[in-house]
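S.K.: In the numbering used here, the protein residues as written are 18 to 1332.
Dumping the structure here so I can ask a few things about it.
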């Protein structure tokens, strides 16, 4: 695949648009202009209190502006403060903090003013605040004792800093505490546990606060968490209860979710447009709840929505007013769910719709400044002139303020000023400066003279003509120094003066002149345009499959403009090639030696020049060598050592050495040639010789620079081409052949266009290829007229008679002579429209929809061109039955050649038509014959437009109908036929009724109740009956329950009465079977649960049907299982199904052979994990406990009796004699358990100490900053929060005993995971 890298049209348009804006605002700096603020500090400027404060204010103008500052709304005299200086030729303030100044003393709101004689520009209000990183307030933290499975929140409550700190939790070893769906940090920095587990027990939960501006980290005192599992809790209870107590803690119980944050069921959130919206929901519960987010009444915005903190945080970037609404978080586990709705309102600080832009006007001109902004709430707009509210600014008669617009009329030089637009609401403000500069300047061109532009052919060319002048100059472009002005669709003229040639060709190269003029003068500039040939890859790398440890080569042969220097780069998988000596990059190829599996991938050849870039890629697949040697049949290797001998003018001998045939004999060799003189890089077929031959004598053409290559062919395929032979340039000669496909066809009535297929480059036989074009009028004794042309393939002869035959010939010639005499062809000069209309047009109407038309042919001389045929135009004038005119739609039939008759099909009956006939030639149609009128006879009508049967009663039905859409004549009557249908779908006797044509409804009476009837209805004209429309209807059932008479043979019918008195034709009762309308079973639906499914259906057909349900596993070939349905119910419950399985089901009716519903497929629900059984509620457990309690009671009674009799138990003595060493009181000397050593105690740590004292963060010292542990640079942090140096302890500490190191671990590594 090859792709060309170039700037897209849209990007080009964008660049031009930006250039237009810049050029419209840029005034050359040597001209007078009001000040323009070019650089300023941000509105909210938080500074480091340890460094100098730099408040930027840069501006340009002519003359250069002077600067002044206000602080908190009053003038700030910098000369009175030794710590404040202003940079030379600038308004930037430098406040020296490092030499004794205090940042807090310079807090405030600053504003810069840049002023010169033409106006004053002001900066934004810059709020200066020093950053703060206060220490944590000291607090006494109690250990947290939590039962396993309960929720827990560890509060961080960081100190309020500026800006707010970044919070993270770590342990004593400076390792991040792992977080999960169960344990996570909230947006407020607190650590939330949805449910605690025994592994959460630890004493070093430490909250850290990182302050970026001061690069410091503060830590909170460690928090201790002790989780009591059920086993340990039972042991504790047992140790503290007396012998008579019954104890036992309840096991961990599952709990449904409860929200830890936010609280309640609803809350609100206000966010500003363009900010990031963060919504959070953290829930407690066991099992751990899963959080899901939805937006009520809408979708979460695509591409801007992200989920963080294990989906507990919803993040929407770049919010807009459309993101307002209710967002619901749902926390769910196996026991239930809970939700919270957050009502989000998106407000907006002011943002620009149209910001005011600088105006450059000449004296007497008009202009406007527009300032339009939007926000929520709607911002208010106020104007200032030179920094002063416009209401109290000096009067300017040329100025008029109209809301968000200032209108200037007939401005003068004194109207120059800088205007400020302020758009503000409660969430912020926008301040924009825009000057009005009144100048009278002749045009000037800012683009350098004789600038050279180089572009690739078929690419856009953009020629700049940056200009300035007042009034605004007009720009014109010329090709060449004295060329005509450029116009037309092939050029695009941009407002900034740029000339765009969308598709540049070689012919567009040359000198272009840009002229700018206004009423004060004129100036011009010349630029040069060069068009370069595009870079192409003429031999691209190809897909390769190579065995491991083999060698592979990719080709990349290029063609480029001779004046451009290309560079070729190879990539692997869009990255640089591996630094491996196995990769050899040649001039036109990449070779990989000793291929390994890691070389598998995509290799891309990229060719770059200064103007364009092309690339081509190929995939390399590395495969393992076959496990056992096998004969591999493959395409042959390419021939090599090509040699040219026996050079003659028109022939040469080519010989070669065949490559390896790869176990498949070579069947032939194909020889191809390249003409480097006329078609470089294009290889064409020359000849083919048998595979046993290694030499070929080749025929040559003159004036061709030949190169040859050979391709070997076997039954597997073709080899790669051989390397090209040396080049051989044949001598020039006169042409051997003339152009082919010579034609003479006129394009206008007075010309003859002679065209031909030009000779290809190698057919020219020499330089200076031209064509001799000759012509003469046929059958006239005229001499040949000739003209010689070059580089064209057509010639136009003007001033010829209309449609006259000509003899034409085209002969090739070059610098060495003419080609053989060419053959002549017959052509014609241009055609003109026919002059005469066909005469004697006759129409014969065959039937109501078909007519035949005849006409006399026109004289051939009046055709004035090639006779192509005749066109018949015909159209319907009106319908004779309705007498209503309609939109005339003409139809056209074309009859080719010299036919003089034709058939007109598709006519409408009983209508009036008109037609005319026209002769057609290659130029167009001639005049129309006089309109001929004819009429079609009546036909049969279409079916009635509708038939409705309404008002059914016990014995009557009402029929209503609409007349036919196409009556096709005069309606004479309607015919109604109807017959009853019984339950076995037999048709009863047919009754026919004739109804007058003017009727549109009919009431049938004395029908059988609760009987279905079928009706057939059509209309008649005098020609016959039209197509019929059918309908069915049922009379209602007798409420008294009287049995209806059966429809069948031998049964009588009651007399049928009608609302009108039509003629009644009774047909003898004859019965026959028809396709039954019923029964049918439809709408089979399923509602599946875990192990059962409810099947329901709808039935239409005879009563008292016995149903059955068949089912089976979907996709299984097993037989269907059958279940009988009791009674005539239309539902059934299938039980004993397998959870999570797809089933097929169908419903049938007993006694109706082969009658079943269509199949339906459903899937049972997944198996639900059985809930944990609470053992304390089980009967056997309660009984067991009662038995144990009874035994204990008996034992206590026995002991009490024996004690009263004086018996003793040696328990106390045994306890005193065998004291348990595990149960010892605390040491009286230091009150510790032997785990930790006091930081001030110089005694060595006891064995078994888990953490050396100098590595443990002590509780009594933990409210100090970590920075206090170091001095100078050793106590600082990098920007990512990591320490720059090691800790340096404040106090000397003696080394601990044992093999453990007393040196603290390096905080550099410990802090690498900081946020």
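Don't be surprised by glycine CBs; every beta carbon is placed ideally from N, CA and C.
Is it true that the CB of residue 932 sits closer than 8 Å to the CB of residue 860?
M.R.: yes
S.K.: Can you tell me where the alpha helix (DSSP H) with residue 1219 in it begins and where it stops?
M.R.: 1196-1221
S.K.: Taking 8 Å as the cut-off, does the stretch 603-613 touch the stretch 451-464 (at least 3 CB pairs, one atom from each stretch)?
M.R.: no
S.K.: Whose C-beta lies closer than 6 Å to the C-beta of residue 1033 among residues of the same chain, with five residues either side of it excluded?
M.R.: 994, 1045, 1047
S.K.: By the three-class DSSP mapping on this structure, what secondary structure does residue 1180 have?
M.R.: strand
S.K.: With burial defined as no fewer than 16 other Cβ atoms inside 10 Å of the residue's Cβ, what is the status of residue 683: buried or exposed?
M.R.: buried
S.K.: In the DSSP assignment, find the unbroken beta strand (DSSP E) run with residue 386 in it and report its ends.
M.R.: 384-387
S.K.: I believe residue 894 touches residue 927 by the beta-carbon criterion, under 8 Å. Please report the beta-carbon distance rounded to the nearest angstrom.
M.R.: Actually they do not touch by this definition, with Cβ atoms about 12 Å apart.
S.K.: Which residues in the same chain have their Cβ closer than 6 Å to the Cβ of residue 430, if we skip the five residues on either side of it in sequence?
M.R.: 455
S.K.: Which partner residues does residue 357 have in the DSSP bridge list?
M.R.: 346
S.K.: Can you name the start and end residues of the alpha helix (DSSP H) that residue 879 belongs to?
M.R.: 877-880
S.K.: Since residue 50 and residue 141 are thought to touch, with beta carbons under 8 Å apart, how far apart are those beta carbons, to the nearest angstrom?
M.R.: 21 Å between Cβ atoms; not a contact.
S.K.: Since I believe residue 401 is in contact with residue 436 (beta carbons under 8 Å), could you give me their beta-carbon distance rounded to a whole number of angstroms?
M.R.: Correct: roughly 7 Å between the Cβ atoms.
S.K.: Quick check: the Cα distance between residue 965 and residue 956, rounded to an integer number of angstroms?
M.R.: 26 Å
S.K.: Assess, as a yes-or-no matter, whether the stretch 293-301 is touched by the stretch 274-282 under the definition of 3 or more beta carbon pairs within less than 8 Å.
M.R.: Judged by Cβ distances under 8 Å, the stretch 274-282 makes contact with the stretch 293-301, as three or more pairs qualify.
S.K.: Excluding sequence positions up to five away, which residues of its chain have a Cβ less than 7 Å from the Cβ of residue 839?
M.R.: Correct list, in chain order: 755, 826, 827, 828.
S.K.: Under three-state DSSP, which class holds residue 481?
M.R.: coil
S.K.: Expressed to the nearest angstrom, what Euclidean distance is found between the alpha-carbon atoms of residue 1126 and residue 1053?
M.R.: 33 Å
S.K.: Report the three-state DSSP secondary structure of residue 778 (helix, strand or coil).
M.R.: For residue 778, the three-state secondary structure derived from DSSP is helix.
S.K.: Tell me, to the nearest whole angstrom, how far the beta carbon of residue 13 is from that of residue 128; I am working on the premise that it is less than 8 Å.
M.R.: No answer is possible for residue 13: the residues shown for the chain start at 18 and end at 1332.
S.K.: What does DSSP give as the partner residues of residue 871 in its beta bridges?
M.R.: 859, 918
S.K.: Pull up the distance between the alpha-carbon of residue 587 and that of residue 604, whole angstroms please.
M.R.: 11 Å
S.K.: Taking the beta strand (DSSP E) that residue 912 belongs to, which residues open and close that run?
M.R.: 908-913
S.K.: Report all residues from its chain with a CB closer than 7 Å to the CB of residue 599; omit the five preceding and five following residues, and keep chain order.
M.R.: 609, 610, 611
S.K.: According to the neighbour-count rule (16 or more other Cβ atoms, all chains shown, within 10 Å of its Cβ), is residue 689 buried or exposed?
M.R.: Buried is the label assigned to residue 689, since at least 16 other Cβ atoms lie within 10 Å of its Cβ.
S.K.: Excluding the 5 residues flanking residue 1050 on each side, which residues of the same chain have their C-beta closer than 8 Å to its C-beta?
M.R.: 966, 969, 974, 1029, 1030, 1032.
S.K.: Apart from the five residues just before and just after residue 906, which ones in its own chain have a Cβ nearer than 7 Å to its Cβ?
M.R.: 892
S.K.: With a threshold of 7 Å on Cβ separation, who are the neighbours of residue 63 within its own chain once the five nearest residues in sequence on each side are excluded?
M.R.: 146, 148, 179, 180, 230
S.K.: Specify the secondary structure class of residue 1166 as computed by DSSP and reduced to three states.
M.R.: strand
S.K.: Residue 349 to residue 343, Cα distance in whole Å?
M.R.: Using only the alpha carbons, I get a separation of about 19 Å.
S.K.: What does residue 227 pair with, by DSSP beta-bridge criteria?
M.R.: 183, 234
S.K.: Compare the beta carbon distance of residue 916 and residue 887 with 8 Å and say whether it is the shorter of the two.
M.R.: Taking 8 Å as the Cβ cut-off, residue 916 and residue 887 qualify as a contacting pair.
S.K.: My output table needs one value for residue 565: the three-state DSSP class, helix, strand or coil.
M.R.: In the structure shown, residue 565 sits in coil (DSSP, three-state: anything other than H, G, I, E or B).
S.K.: Looking only at its chain, what residues have a beta carbon closer than 6 Å to the beta carbon of residue 497, apart from the 5 residues adjacent to it on each side?
M.R.: Excluding residues up to 5 positions away in sequence, 528 lie with their Cβ nearer than 6 Å to the Cβ of residue 497 in the same chain.
S.K.: Which residue wins for smallest C-alpha separation from residue 138, given the options 182, 450, 324?
M.R.: 450
S.K.: How far does the beta strand (DSSP E) with residue 845 in it reach, from first residue to last?
M.R.: Per DSSP, the continuous beta strand (DSSP E) segment holding residue 845 begins and ends at 842-845.
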